[in-house]
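Numbering (the numbering used here), first residue to last: 26 to 235.
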């Protein structure tokens, strides 16, 4: 039989997250007028500060040198399960999509300059990002069918395409955008690149909310 019992160190952090969500986050969120944007922002800012300063629950997926808790996959699964019991839970501990995935991408493949400009503000909680991959003209997020194309023009890249379901598009400081960079590639997946697009940016238009 499979033993689904968490190791003691994982169970400890899981219960800590549960306590924080039950005693602090859920009551504060339920007491917030969620139709009042100003009140929503105030509540979230206060809870994020408390999570970081008082509970030590911040960036569970990131290494300590980036201000995180350095948790592995099993512990992250436990933390995510508890935090997501409140809709704003993952955001309060700075472990929400798409920032979490973008943080991993920048950590492992970003240059030092990119880490300083983009990763550091994400980890500090002073910026948000978005992820642009899914397209309306093709079947969901299949990377082999991406139509958005990027080509180099001198020292710049020009990107043409249409994305939708861009998680976190409004209010994001930058986008991680996936585009095709080769015509008729033999291996479609290998023809895609991920670009960092500063926002707002010329040519970036949010057509509608879905």
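Think of the CB as a built atom: it goes at the ideal place given N, C-alpha and C, for glycine as much as any other residue. What you are looking at is a predicted structure, and each value in this text was computed from that prediction instead of being measured.
For residue i: DSSP bridge partner residues
i	result
residue 158	None, per the DSSP bridge assignment.
residue 192	156
residue 16	What the structure shows of the chain is the stretch from 26 to 235, and residue 16 is not part of that stretch, so it cannot be assessed.
residue 219	203
Endpoints, alpha helix (DSSP H) assigned at residue i
i	result
residue 199	Taken as a continuous stretch (DSSP letters only), residue 199 belongs to no alpha helix (DSSP H), being part of the beta strand (DSSP E) at 199–205.
residue 149	145–149
residue 167	Element bounds for residue 167: n/a, residue is neither H nor E.
residue 128	124–134
residue 116	114–117
Residue i classed as buried or exposed, judged by whether at least 16 other C-beta atoms fall within 10 angstroms
i	result
residue 114	buried
residue 127	buried
residue 177	exposed
residue 67	exposed
residue 30	exposed
residue 227	exposed
residue 83	buried
residue 124	buried
residue 187	exposed
residue 185	exposed
residue 236	Absent from the model: residue 236. The displayed extent of the chain is 26 to 235, so no value can be given.
residue 59	exposed
residue 9	Because the chain spans 26 through 235 in this model, residue 9 falls outside it and cannot be assessed.
residue 205	buried
residue 122	exposed
Residue i: CB within 6 Å of a non-hydrogen atom of the ligand FMN
i	result
residue 72	Absent from the structure shown: the ligand FMN. Ligands present: none.
> Where in the region 37–111 do unbroken runs of the alpha helix (DSSP H), each at least 4 residues long, occur, reported from the N-terminal end onward?
Replying inline: 51–55, 62–75, 98–108
> So does the region 209–223 actually touch the region 165–184, counting three or more Cβ pairs closer than 8 Å?
Replying inline: yes
>> Pairs of beta-carbons, one from the region 92–104 and one from the region 59–75, closer than 8 Å: are there three or more?
In response: no
>> Does the contact criterion of 3 or more C-beta pairs under 8 Å hold for the region 140–153 versus the region 187–204?
In response: yes
>> Using 8 Å as the cut-off, can you tell me whether the region 122–137 makes contact with the region 43–55, which would need three or more C-beta pairs spanning the two stretches below that distance?
In response: no
>> Contact between the region 132–140 and the region 102–114 is defined here as three or more beta-carbon pairs at a separation below 8 Å; is this criterion met?
In response: no
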